[in-house]
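Everything on this sheet refers to the single structure shown next.
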Amino acid sequence: MKHIQDYYAPLIGEFEQVVLLSLLRLGNGTWGAAMRRDIQERIGRELPVSVVYVTLQRMEKKGMVKSYVGEPTAERGGRRRRHYLIDTRGEQALGRSYRTLRKMCEGLEQRLGDL
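Residue numbering for the sequence shown is 191 to 305, as defined by this note's numbering.
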């Protein structure tokens with residue numbers, strides 16, 4: 191099945207895919223530290239604190255995610271937390287990426303499983 195929006199959806203890099211998948215999994219309104227923790231647990235690798243935030247900022251400039259600053263909380267010493275939401279453009283990019291990867295992997299399942 192051909193998806194018309196795939197033609198218009200931006201191409202995204204591997205780590206952008208990972209960050210968008212984490213945001214999708216954790217839900218709109220989550221924050222960077224929670225996504226970093228989720229990603230680290232799933233890929234089994236430590237990530238520098240800045241890597242998720244830099245990626246989120248880049249994707250926000252591309253119109254794939256939006257953010258807002260929440261209210262100050264006592265648990266954060268009165269500091270505010272930036273929350274992220276996946277935008278339509280980000281959903282389209284992630285969908286395109288997922289469909290492309292699945293198509294490219296067709297017939298290679300055995301070989302890929304052996305790598």
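In this text, a Cβ means the ideal position worked out from N, Cα and C, and glycines have one as well.
Exercise. Comparing alpha-carbon positions, which option in Asp228, Lys293, Lys252, Trp221 lies nearest Gly203?
Worked result: Lys252
Exercise. Is it buried or exposed for Asp304, if we count other Cβ within 10 angstroms and need 16 for buried?
Worked result: exposed
Exercise. With contact counted as at least three CB pairs below 8 Å, one residue from each stretch, are the stretch 208-216 and the stretch 227-243 in contact?
Worked result: yes
Problem set entry | Nearest residue (CA-CA) to Val242, options Ser287, Pro262, Thr220 | Thr220
Problem set entry | Coarse secondary structure for Lys252, derived from DSSP in three states | coil
Exercise. Span of the alpha helix (DSSP H) holding Leu275?
Worked result: It is not in any alpha helix (DSSP H) - Leu275 instead sits in the beta strand (DSSP E) that spans 272-276.
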